[in-house]
Structures are given as structure tokens and as C-alpha cells.
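Numbering-wise (our numbering), the sequence shown opens with residue 9 and increments by one.
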Amino acid sequence: MTARDPLAGKLRFHMASLAGACIAGALIIAAFTLGFYSWQSIAVCIAVGAVSAWPAGVFLTRKIKKEDPAWDHRRDVPRDDPKDS
């Protein structure tokens, strides 16, 4: 997160929250499908989702910014639009 872009950290935070919930949910469904119904298996799935949430959020944020035509992903700032000058 740079000083010029206060929204960069917010996107990363939101993507990490969503990714963590999706990863943990998918793991819990897989555990239930395989017949693991104990609280320990659910706790392991939640822990794996929590640990993998931040790297997944960082990856998704970089991917979104890299594919956005209005964003300069190398400098992590919005692109200057030549039509505005």
C-alpha cells in the first residue's frame, strides 16, 4: 500500500476476507463429503482457510490490478488519462 493510494490496502483486505471464507467453506464441504464430522476437522479447515486467506488476497488483488486498463500495476497508481489533459 502506497501513500498515494489509500484504496490499495482496502481491496487487498476485502479480497483476503472473501478468499478465506471461500477456501474454508470449500474445505468444510469436502470434509463433510469425506465423512469427517468432528469439531477438530472443522477447526482444521478454518485454520487452513485463515492461513491461506492473505496470500490468496494478495494474489487476487495483483491480478485485478494487472488486468485493469485504468491501473498502472508497475507503479501501483492509477494511470494518467491523456484525454483529461
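Ideal Cβ positions, reconstructed from N, Cα and C, are used throughout, including at glycine.
Proximity below 7 angstroms, CB of residue i to CB of residue j
{"i": "A24", "j": "G65", "result": "yes"}
{"i": "H81", "j": "K71", "result": "no"}
{"i": "A51", "j": "G28", "result": "no"}
{"i": "T69", "j": "L19", "result": "yes"}
Local Cβ density within 10 Å of residue i, reported as buried at 16 or more and exposed below that
{"i": "G43", "result": "exposed"}
{"i": "A78", "result": "exposed"}
Which of helix, strand or coil DSSP assigns to residue i
{"i": "P77", "result": "coil"}
Check: Do the region 25 to 35 and the region 54 to 74 meet, that is, are 3 or more Cβ pairs less than 8 angstroms apart?
Finding: yes
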